[in-house]
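Reading through the structure tokens given below for one structure.
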Amino acid sequence: TWLQNDFQRGVGSLHPEINRVVKHLQNAGADYVQMTGTGSAVFGVFRDEVKALEASHSALAEKWSSHTGEMNACL
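In the numbering used here, each residue's number is its place in the sequence shown (first place is 1) plus 56.
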């Protein structure tokens, strides 16, 4: 993909929890998953709102902070 974070591989190997969150979002059906910056957060983009809400609830069950929102189209 053309949109990537070059830090993700290295930070993920130093902090396996990052990879756990990435895998969690991928398994939950996210259409795109990426770590922000140098690893303060990981986000998932979902086309399906139900899957997004389920992923958020299951993340909270893992004791991870989670937030859902809607994207606005940019023109």
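No residue lacks a Cβ here, since even glycine has one placed at the ideal position from N, Cα and C.
Where residue i sits in the DSSP three-state scheme
| i | result |
| --- | --- |
| G100 | strand |
| Q90 | strand |
| G84 | Rather than Gly, the amino acid found at residue 84 in this sequence is Ala. Coil, per DSSP. |
| K119 | coil |
| N75 | helix |
| L59 | coil |
Option in the options with minimal Cα separation from residue i
| i | options | result |
| --- | --- | --- |
| E126 | Q90, A117, A84, G100 | G100 |
| G93 | S122, D62, W58 | D62 |
| W120 | A84, W58, E73 | E73 |
| T124 | A117, E118, F102 | F102 |
| G85 | L59, S112, Q60 | S112 |
Same chain, Cβ closer than 6 Å to residue i, neighbours up to 5 away in sequence not counted
| i | result |
| --- | --- |
| D104 | none |
| V89 | V78, L81, Q82, G100 |
| N75 | G68 |
| S114 | none |
Sequence-distant residues of its chain with Cβ nearer than 7 Å to residue i (five each side left out)
| i | result |
| --- | --- |
| H71 | G95 |
- Inspect the CB distances between the region 106-113 and the region 61-69 and report whether three or more fall short of 8 Å. no
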